[in-house]
Amino acid sequence: MKNLNKLLDERKKIVEQIIKNLKTHNYFWDKNFVAMYPLNFVSNKNYNGTNILRLQLFSEMKNIQDPRFLTFKQILNRPNLKLKKGAKGCSIEYWGIKQLDESEIENNGKKQKTNYFFGKTYYVFNAKDVENIPKYKNKFVEVSSDKRVDYLIENLSKALELKVYDNVLTETPHFSPNQDYIQMPTTFVSPEAKIAVFFHELTHWTGHKDRLNRTSIESYSKNIKTRAIEELVAELGAIFLNSKFGFQTKKIQDNNYAYIQSWIKILEDNPNELFKAANKANEAVEYISQKLEKYLDTKKNEKQIIDNSDFLAQDEGLVH
1 MKNLNKLLDE
11 RKKIVEQIIK
21 NLKTHNYFWD
31 KNFVAMYPLN
41 FVSNKNYNGT
51 NILRLQLFSE
61 MKNIQDPRFL
71 TFKQILNRPN
81 LKLKKGAKGC
91 SIEYWGIKQL
101 DESEIENNGK
111 KQKTNYFFGK
121 TYYVFNAKDV
131 ENIPKYKNKF
141 VEVSSDKRVD
151 YLIENLSKAL
161 ELKVYDNVLT
171 ETPHFSPNQD
181 YIQMPTTFVS
191 PEAKIAVFFH
201 ELTHWTGHKD
211 RLNRTSIESY
221 SKNIKTRAIE
231 ELVAELGAIF
241 LNSKFGFQTK
251 KIQDNNYAYI
261 QSWIKILEDN
271 PNELFKAANK
281 ANEAVEYISQ
291 KLEKYLDTKK
301 NEKQIIDNSD
311 FLAQDEGLVH
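The sequence shown finishes on residue 320 if you use full-length UniProt numbering, and the numbering steps up by one all the way, no holes.
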């Protein structure tokens, strides 16, 4: 219970900072930096769910440009590594299931073991604060953003069997759950703006009843709270996808003022809604990534092109 209370207290502090930012129009999606998908230096695996949000916010506050993190134990276990004096860590979450052997109970003459779900927090440190660690090599190459965006949208559309329509008369991009398509305007201020809007609508798309079946998509039109929650999921999904594919996050569109006010109200009433939304956004990212990986595995030649040019992502695990 002590660990859980600590975890919830830390979540509350994060949400309080985000609410403060929302009230001062300092939106957490509106940052002019290259967002990176955080990963563990030792396992080379990306962090998931709420930990993506925690580590990205931490990186933004500390102006960190290295996506690699280590636990204190991982640093200690490597004699050549040393944590720099004064280094500050970021608290992340771990959830698991424990089995209590001592709590065996009789049920119809058979012994059963009781399991319980637990959560705790621990600290990780960025690679920039660790001495003797290999320098981070950014895997990006200088490829025109227009080309990267078009190539990615084309491959995602094929991998997901996605219907995307460009319409010169469309001012507001949208996903239609009934017709199951995404409609996009034909002009954007930049390639980064285009892909960010596409990622937002693509996250909505994953919530369709035939895919992840999010209730906030099904009930989207019923009330402002449901819409606001789904928009928060889509906004976080766009942030995560931008990071995964290595696109710069910038101010992309004027978000509806009503949604922002609704987010403030929702988060003030229940801080955990942010982390629920982050987990749902992560589910969307995983759904998209797995479909894309499967598609690319069937197209070895095209996969080789992507691997060689680094068109898609800094996360090599996506296209291996």
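Each residue gets a CB set at the ideal place from its N, CA and C atoms; glycine is no exception.
Which residues does DSSP list as the beta-bridge partners of residue i?
i: D166; result: M184
i: I97; result: F117
i: Y123; result: S91
i: K82; result: E131
i: N77; result: In the DSSP output, where bridge partners are listed per residue, N77 has none listed.
i: L39; result: N46, R68
Leaving out five residues on either side along the sequence, give the residues of the same chain with a beta carbon under 6 Å from the beta carbon of residue i.
i: residue 323; result: The structure shown does not extend to residue 323, since the chain is modelled only from 1 through 320, so no value can be given for it.
i: I19; result: I264, L267
i: G247; result: For the record, residue 247 in the displayed sequence is Phe; it is not Gly. The answer, listed in chain order, is E192, I195.
i: F33; result: Residue placement at F33 is poorly supported in this model, since its pLDDT is 40, which falls under 50; the coordinates are not used for a value here.
For the beta strand (DSSP E) that contains residue i, what are its first and last residues?
i: S176; result: 174-176
i: P70; result: Inspection of the sequence shows that residue 70 is occupied by Leu rather than by Pro. Element bounds for L70: 68-71.
Kindly indicate the opening and closing residues of the alpha helix (DSSP H) around residue i.
i: R227; result: 224-244
i: K209; result: K209 -> no alpha helix (DSSP H), and no H or E assigned at all.
i: Q179; result: From DSSP, Q179 is part of no alpha helix (DSSP H); its letter is neither H nor E.
i: E161; result: Looking at the DSSP string, E161 is not in any alpha helix (DSSP H), and its letter there is neither H nor E.
i: Y287; result: 272-297
Which same chain residues, not among the five before or five after residue i, have their C-beta less than 7 Å away from its C-beta?
i: P67; result: M36, Y37, P38, L39
i: N256; result: Residue placement at N256 is flagged as unreliable, the pLDDT there being 46, under the threshold of 50; the coordinate-derived value follows with that caveat. Cβ within range, chain order: n/a, list empty.
i: P173; result: Q183, M184, P185, V197, E201
i: residue 341; result: Residue 341 cannot be examined here, being either before or after the span of the chain that is shown, 1 to 320.
i: L232; result: W263, A277
Can the beta-carbon of residue i be found closer than 8 Å to that of residue j?
i: Y181; j: K158; result: no
i: R227; j: Y287; result: no
i: V285; j: K244; result: yes
i: T50; j: Y122; result: no
i: V124; j: L83; result: no
i: F240; j: A281; result: yes
i: S91; j: E10; result: yes
Does residue i come within less than 8 Å of chain B when only Cβ atoms are used?
i: F198; result: Note that chain B does not occur in the displayed structure, where there is just one protein chain.
Which residues in the same chain have their Cβ closer than 8 Å to the Cβ of residue i, if we skip the five residues on either side of it in sequence?
i: F118; result: N3, L4, W95, G96, I97, K98
i: N167; result: Q183, M184, P185, T186
i: Y220; result: P177, T226, R227, E230
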